[in-house]
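Trainee: The opening residue of the sequence shown carries number 0 in numbering that gives the first Met the number 0; numbering runs sequentially from there.
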Amino acid sequence: MAAIIGIDEQNASPATSALVQRLQPYLHSDAVWTRYQAQKARMWLVYADSERSQRGITNAAAQAEAEAVKLLEQLEQNQAISPTTPIIASSKVLRRDLWATAELLKQQAGFDCAADDLAHAEVTLVWAAAEHCELGWRHSRELFASAERLVDEAHYQANRCHGASATAIPLARVSYPSLAELNGTQKGCHGVVGQWPIIASTAESMAAVATVPAEVATSALGSAVAVDTVLDSAPMNSVAVNPVAVNSVALNVPDQVQVNDPVQIQPQTQSQLQEQSQQQSQQQQQAESPALVNAAAVAGSAQTTEAAQ
0 MAAIIGIDEQ NASPATSALV QRLQPYLHSD AVWTRYQAQK ARMWLVYADS ERSQRGITNA
60 AAQAEAEAVK LLEQLEQNQA ISPTTPIIAS SKVLRRDLWA TAELLKQQAG FDCAADDLAH
120 AEVTLVWAAA EHCELGWRHS RELFASAERL VDEAHYQANR CHGASATAIP LARVSYPSLA
180 ELNGTQKGCH GVVGQWPIIA STAESMAAVA TVPAEVATSA LGSAVAVDTV LDSAPMNSVA
240 VNPVAVNSVA LNVPDQVQVN DPVQIQPQTQ SQLQEQSQQQ SQQQQQAESP ALVNAAAVAG
300 SAQTTEAAQ
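Below, the structure written as structure tokens:
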């Protein structure tokens, strides 16, 4: 499991310390969804504790603690808990590629080996986006990097779960809404206003999402390609709401290729490149051969004439 920052127990408030103690029985539960929700509650407390220690200027600390308390009470009352991580009012949705990968990993057989990292990653994404709203990209990029490492680790753990081989499990090709559809068009952060979670959790409802833009291809490692790495990670004043404009850059394909085309783009091997180069050279030589013959004939004729004279 990727390392995460913890709660400063010495300086934590008595209320926070009490909540952490109440969470302890659930943090290492054999029931994967119980453990996932408990780890998520703990991460909400980490977020709230950090905001208070830094004297954050928003209400994010109270909102994060409220999410932790809600999860804890649901665990204690043995209630059914939604697997969807909410976006608090002080935050918004950024790095949709990571959110999509997290949702897909929850549907994999290896989720029980990835649950802790996914719980931490999802709350960290909420936290990072809130920091982005408050202080901009430079202040939030470390949190986004941490969330990405956690998602990558979760994917790795899911692939090798229960002694399975480390061969990457291809994730489904999915589509997701634009940033404007998710966050609205007003400036600042107001939580999520569009469809959430970012992709549906069942095949039936996933089909209804397929018409929205910004397709996520499956990378060679089997994780959702980071289409949002350029779009969602840019400073807020330069973020475009239409992902099509940067898809060709993010996917590293030629500009003239339509990224929504389902045809897979296969990279050429060194031998293929050499063969292609040889074919081009042969074609060039064949094209030049008539000109060379004509030049030789003209030169020969000139020499004969000169000798006769």
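We put the beta carbon where it would ideally sit given N, CA and C, even for glycine. Everything numeric in this text was worked out from a predicted model, so none of it was measured.
So the alpha helix (DSSP H) R137 belongs to, where does it begin and stop?
Mentor: 136-158 is the extent of the alpha helix (DSSP H) around R137.
Trainee: Cα separation between A136 and V125?
Mentor: In the sequence under discussion, the amino acid at residue 136 is Trp, which differs from the Ala named in the question. If I take the Cα positions, the gap works out to 14 angstroms.
Trainee: Could you give the DSSP three-state label for S81: helix, strand or coil?
Mentor: Here S81 sits in coil by DSSP.
Trainee: Where N58 and P85 are concerned, what is the direct C-alpha to C-alpha distance, given to the nearest angstrom?
Mentor: N58 and P85: Cα-Cα distance of roughly 16 angstroms.
Trainee: Given a threshold of 16 other Cβ atoms within 10 Å of its Cβ, counted over all protein chains shown, does V19 qualify as buried or as exposed?
Mentor: Buried is the call here.
Trainee: Along the chain, where does the alpha helix (DSSP H) that runs through W195 open and close?
Mentor: No alpha helix (DSSP H) holds W195; DSSP gives it neither H nor E.
Trainee: Span of the alpha helix (DSSP H) holding P13?
Mentor: Start and end: 13-26.
Trainee: Could you tell me the alpha carbon to alpha carbon distance between T15 and R140, rounded to whole angstroms?
Mentor: Going by the C-alpha atoms only, they are around 27 angstroms apart.
Trainee: With a threshold of 6 angstroms on Cβ separation, who are the neighbours of P13 within its own chain once the five nearest residues in sequence on each side are excluded?
Mentor: Taken in chain order, the list of residues that qualify is empty.
Trainee: If I'm right that V173 touches N182 with Cβ under 8 angstroms, what's the distance once you round it to whole angstroms?
Mentor: So it is not a contact: roughly 19 angstroms between Cβ atoms.
Trainee: I need the straight-line Cα distance from E133 to L71, nearest angstrom please.
Mentor: Using only the alpha carbons, I get a separation of about 28 angstroms.
Trainee: By the DSSP assignment, the alpha helix (DSSP H) with K105 in it spans what residues?
Mentor: It spans 95-105 - the alpha helix (DSSP H) in which K105 sits, taken as one unbroken run.
Trainee: So, does the CB of K105 fall closer than 9 angstroms to a CB anywhere in chain D?
Mentor: Considering every chain present, this structure includes no chain D. It has just one protein chain.
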